[in-house]
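K.L.:
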Amino acid sequence: MQWQDKAIVLSTRALAQTGVRLTALTADHGRAAGLYRPSARKNGGRYIPQVGELVSLNWRARLAEHLGNWQLDPLHNHLPYTLSSPLKLQAVSAMAGLCEALLPEHHPYPQLYDACCRLLIDLAQPDWPDWINSYVAFEMTLLQDLGFQLDLGHCAVTGTTSNLAYVSPKTGRAVSLAGAGDYASRLLPLPAQTDALAWLDLTGFFLRRYGADGRRLPAARDALLAMLGDDGLHAILA
Amino acid sequence: MTSPTPGALEQLIKLLSKMPGLGQRSARRMALHLIKKRETLMQPLLQALATVEAEVQSCDRCGNLDTAPICAICQDDAREPQLLCVVEEVADLWAIERSGGYRGLYHVLGGHLSALDGVGPGDLRMAELLERVAAGAVREVLLATNATVEGQTTAFYVTEQLKPTGVRMTRLAFGVPLGGELDYLDDGTLTTAIQARSSF
């Protein structure tokens, strides 16, 4: 069996003495793992792709259920643009951690792959704070691809599209001020359009409940939220 | 079928094959070579292994490996005590020492932060680092962590922790390696080198 694809590296773990177990989110084959054997470069040490790096890869195995072997060529490395920013590095780790923890293997998620690529492109823009919105969009797409799309266009009770103020924690649908009535205290607040941190609280709630079945989300995401909370968000928007 | 090799030798081959870079075949060759060179190689090797097992320990101050509680580098008066280089592993310390271009002291963290592998700040020798810097002799901390996502995340964490002490923080430069031909460099390294260009 053999296929070729473009992919974003999600994790690399040492396997045996010289190998690396590399997991990647591919464009057409979803999350996939394989054994990668780094070869020595002419001008440096062994080349091991980094988390978040965009690569072109070739997967080969005798049977589909085997771990398989990767052959890969680097396409785009975000590190030159993210090395100087702890927040950007953490965003890459959080993106990779969520995909690694929540996505099943060998199921294509083309929309999610595109959302990840958009985020990496935005992270590579110097002095451009909009990457935080791309990160929120990535989590929304992840939620949607996991089978739980938020429906925030109109009120689930009255059908109105104005004065939307809450989100139902059970259905993920918007509820207006009038529609909430006595249930307002049991509903989640609908974040303001520009409040990225509140949006991440909302996506985190549903990702934890429906993506991770109540388990904790990856520590890298917690770390990102902590950094954004410590005035980090104001720093990137300033 | 009975094994052609005696039990003790089989055990030696099994243990040798667990060494990094060795498989069963190499381990068998090594065991036979050791038996052939009993006086000149096997006995000195046995002594060396016994000495290392009994005496080598982690330096109480920096985390390097040595036979004394305080390693030779930390005891060297010719070194600059105001310069402290933070590395992930002992192998990184040895690599910098081999270069001969650094005359300060070291601090080995014992790994890097990794959310995927569950390595947090509590698993690194951070408290010892903070203690050393707070003691006041250190004027500059050179962060020599790997140029990887985990390495740089660790570097940022160390910087954040040391910020209140007011110590000067520096890190290794990124860019073209010596003898490097631009045509063979990957795009990431080249882009970093361009961004970190210096006056000439």
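Chains E and D, in that order, are what the protein sequence lines are. So the mapping is simple: our numbering equals the position in the first sequence, first residue as 1, plus 65. So the mapping is simple: our numbering equals the position in the second sequence, first residue as 1, plus 1256. Heads up, the beta-carbon is just placed ideally off N, CA and C, and yes, glycines get one too. The model shown is predicted, which means the values in this text are computed figures rather than measured ones.
Which word fits L188 (chain E), buried or exposed, when buried means at least 16 other C-beta atoms lie within 10 angstroms of its C-beta?
P.N.:
Mapped onto the first sequence, residue 188 (chain E) falls at position 123. Burial call: buried.
K.L.:
Give me the chain E residues within the contact set of D1332 (chain D), using Cβ-Cβ distance strictly less than 7 Å, ordered along the chain.
P.N.:
Residue numbering aside, residue 1332 (chain D) sits at position 76 when the second sequence is read from its first letter. Going along chain E, no residue has its Cβ under 7 Å from D1332 (chain D), so there is no contact; the nearest lies around 29 Å.
K.L.:
With 8 Å set as the bound, which would you pick, yes or no: does the beta-carbon of L185 (chain E) sit closer than that to a beta-carbon of chain D?
P.N.:
As a first step, residue 185 (chain E) must be located in the first sequence, where it is residue number 120. No, its Cβ sits nowhere closer than 8 Å to a Cβ of chain D.
K.L.:
Have a look at S241 (chain E) and N228 (chain E) and give me their C-alpha separation to the nearest angstrom.
P.N.:
Along the first sequence, read from residue 1 onward, the residue named residue 241 (chain E) stands at position 176. Along the first sequence, read from residue 1 onward, the residue named residue 228 (chain E) stands at position 163. For S241 (chain E) and N228 (chain E), the distance between alpha carbons rounds to 5 Å.
K.L.:
For the segment 1264-1278 of chain D, enumerate the residues whose C-beta is nearer than 8 Å to any C-beta of chain E, in chain order.
P.N.:
So the list reads P1276 and G1277, given in the order they occur along the chain.
K.L.:
Is any beta-carbon of chain D found at less than 8 Å from that of Q209 (chain E)?
P.N.:
The count along the first sequence starts at 1 and reaches residue 209 (chain E) at position 144. By this cut-off, Q209 (chain E) is not an interface position.
K.L.:
Once the 5 residues before and after T83 (chain E) are set aside, which same chain residues still bring their CB inside 7 Å of it?
P.N.:
By 1-based counting over the first sequence, the position of residue 83 (chain E) is 18. Contacts found: R102.
K.L.:
Excluding the five sequence neighbours on either side, which residues of its own chain have a C-beta within less than 8 Å of the C-beta of R1395 (chain D), listed in chain order?
P.N.:
By one-based count along the second sequence, residue 1395 (chain D) stands at place 139. Closer than 8 Å at Cβ, skipping near neighbours: Q1338, L1339, V1423 and R1424.
K.L.:
Need the endpoints of the beta strand (DSSP E) that A230 (chain E) sits in, please.
P.N.:
As a first step, residue 230 (chain E) must be located in the first sequence, where it is residue number 165. Start and end: L229 to V232.
K.L.:
Keeping to the same chain, check which residues put their C-beta closer than 7 Å to that of F203 (chain E); ignore five residues upstream and five downstream.
P.N.:
Working through the first sequence from its first residue, we reach residue 203 (chain E) at position 138. Here the set comprises M160, A180, C181 and L184.
K.L.:
Let's see if you can read the secondary structure: which residues bound the beta strand (DSSP E) around V120 (chain E)?
P.N.:
Locating residue 120 (chain E) in the first sequence gives position 55, where the first residue counts as 1. L119 to R125 is the extent of the beta strand (DSSP E) around V120 (chain E).
K.L.:
Check the Cβ-Cβ distances between R277 (chain E) and every residue of chain D, and say whether any is below 8 Å.
P.N.:
To locate residue 277 (chain E), count along the first sequence from 1; it is residue 212. It should be noted that the sequence gives Ala, not Arg, for residue 277 (chain E). No - not a single Cβ of chain D is within 8 Å of the one on A277 (chain E).
K.L.:
Excluding the five sequence neighbours on either side, which residues of its own chain have a C-beta within less than 8 Å of the C-beta of R280 (chain E), listed in chain order?
P.N.:
As a working note, residue 280 (chain E) is residue 215 in the first sequence. The answer, listed in chain order, is R273.
K.L.:
Please decide whether G269 (chain E) counts as near chain D, where near means a Cβ-Cβ distance under 8 Å.
P.N.:
For the purposes of this step, residue 269 (chain E) is identified with residue 204 of the first sequence, where counting begins at 1. Not one chain D Cβ lies under 8 Å of G269 (chain E).
K.L.:
Given a cut-off of 8 Å on the beta-carbon distance, is the pair P114 (chain E) and L148 (chain E) in contact?
P.N.:
Here residue 114 (chain E) corresponds to residue number 49 of the first sequence, with the count starting at 1. Here residue 148 (chain E) corresponds to residue number 83 of the first sequence, with the count starting at 1. No, Cβ-Cβ distance for P114 (chain E) and L148 (chain E) is not below 8 Å.
K.L.:
Just checking: is the beta-carbon of N108 (chain E) within a distance shorter than 8 Å of some beta-carbon in chain D?
P.N.:
Indexing the first sequence from 1 puts residue 108 (chain E) at position 43. Note that N108 (chain E) scores 48 on pLDDT, short of 50, meaning its location in the model is unreliable; the coordinates nonetheless yield the value given after this. For N108 (chain E), the answer is yes, since a Cβ of chain D falls inside 8 Å of its Cβ.
K.L.:
Are there three or more Cβ pairs, one per stretch, closer than 8 Å when the segment 283-296 of chain E is compared with the segment 1364-1372 of chain D?
P.N.:
Contact holds: three or more Cβ-Cβ distances are below 8 Å.
K.L.:
Less than 8 Å between the CB atoms is what I'm expecting for G1407 (chain D) and E1344 (chain D), so what's the real figure, rounded?
P.N.:
For the purposes of this step, residue 1407 (chain D) is taken as the residue at position 151 of the second sequence. For the purposes of this step, residue 1344 (chain D) is taken as the residue at position 88 of the second sequence. Sure, about 7 Å apart at Cβ, within 8 Å.
K.L.:
Looking at the C-beta of A288 (chain E), does it have a partner C-beta in chain D at a distance below 8 Å?
P.N.:
Sequence index remark: in the first sequence, residue 288 (chain E) carries index 223 (1-based). Yes, its Cβ sits closer than 8 Å to a Cβ of chain D.
K.L.:
Mind checking the segment 1443-1454 of chain D against chain E and listing, in chain order, the residues whose C-beta falls within less than 7 Å of any C-beta there?
P.N.:
The residues in question are D1443, G1444, T1447, T1448 and Q1451.
K.L.:
Can you grab the Cα-Cα spacing for the pair L163 (chain E) / L282 (chain E), in whole Å?
P.N.:
Here the question's residue 163 (chain E) lines up with position 98 in the first sequence. Here the question's residue 282 (chain E) lines up with position 217 in the first sequence. Whole-angstrom Cα-Cα distance: 7 Å.
K.L.:
Please determine, among E:R127, E:T91, E:G117 and E:W196, the residue with the shortest C-alpha to C-alpha distance to L262 (chain E).
P.N.:
In the first sequence, the residue the question calls residue 262 (chain E) occupies position 197. L262 (chain E) has its Cα closest to that of E:W196, out of E:R127, E:T91, E:G117 and E:W196.
K.L.:
Let me confirm a value: K107 (chain E) is counted as buried when at least 16 other C-beta atoms fall within 10 Å, else exposed. Which label applies?
P.N.:
Translated into positions along the first sequence, residue 107 (chain E) becomes position 42. Any reading at K107 (chain E) must be qualified, since the residue scores a pLDDT of 48, below 50, and its modelled position is unreliable; no value is offered.
K.L.:
Considering I1291 (chain D), what are the terminal residues of the alpha helix (DSSP H) in which it resides?
P.N.:
Along the second sequence, read from residue 1 onward, the residue named residue 1291 (chain D) stands at position 35. Looking at the DSSP string, the run of the alpha helix (DSSP H) that includes I1291 (chain D) is Q1280 to K1292.
K.L.:
Output, in chain order, the set of chain E residues within a Cβ distance shorter than 8 Å of T1409 (chain D).
P.N.:
Along the second sequence, read from residue 1 onward, the residue named residue 1409 (chain D) stands at position 153. Residues of chain E passing the Cβ test: P151, L154, Q155 and S158.
K.L.:
To the nearest whole angstrom, what separates the beta carbons of A221 (chain E) and T236 (chain E), a pair I think is in contact under 8 Å?
P.N.:
For the purposes of this step, residue 221 (chain E) is taken as the residue at position 156 of the first sequence. For the purposes of this step, residue 236 (chain E) is taken as the residue at position 171 of the first sequence. Sure, about 6 Å apart at Cβ, within 8 Å.
K.L.:
In the DSSP assignment, find the alpha helix (DSSP H) that holds D1443 (chain D) and state where it starts and stops.
P.N.:
The residue given as residue 1443 (chain D) occupies position 187 in the second sequence. Start and end: D1443 to Q1451.
K.L.:
Can you tell me the Cα-Cα spacing of A72 (chain E) and L1428 (chain D), whole angstroms?
P.N.:
Position 7 of the first sequence holds residue 72 (chain E). Position 172 of the second sequence holds residue 1428 (chain D). Cα to Cα, the separation comes out at about 30 Å.
K.L.:
May I ask you to list, following chain order, the residues of the segment 1357-1390 of chain D that have a beta carbon less than 7 Å from some beta carbon of chain E?
P.N.:
Those residues of the segment 1357-1390 of chain D that come within reach of chain E (Cβ to Cβ, closer than 7 Å) are A1371 and L1372.
K.L.:
For the beta strand (DSSP E) that contains V201 (chain E), what are its first and last residues?
P.N.:
Position 136 of the first sequence, counting from 1, holds the residue named residue 201 (chain E). Careful: V201 (chain E) lies outside any beta strand (DSSP E), inside the alpha helix (DSSP H) at W196 to D210.
K.L.:
Given that a residue counts as buried once 16 or more other Cβ atoms are within 10 Å of its Cβ, and exposed if not, what is H1289 (chain D)?
P.N.:
Counting from 1 along the second sequence, the entry for residue 1289 (chain D) is found at position 33. Looking at its Cβ environment, which holds fewer than 16 other Cβ atoms inside 10 Å, H1289 (chain D) is exposed.
K.L.:
Is the beta carbon of T206 (chain E) less than 8 Å from the beta carbon of G218 (chain E)?
P.N.:
Your numbering for residue 206 (chain E) matches position 141 in the first sequence. Your numbering for residue 218 (chain E) matches position 153 in the first sequence. Cβ distance not < 8 Å, so T206 (chain E) and G218 (chain E) don't count as in contact.
K.L.:
I'd like the list of long-range same chain contacts for R96 (chain E), defined as Cβ closer than 6 Å, with 5 residues on each side in sequence excluded.
P.N.:
Residue 96 (chain E) sits at position 31 when you count from the first residue of the first sequence. Cβ within range, chain order: L90, L168 and E170.
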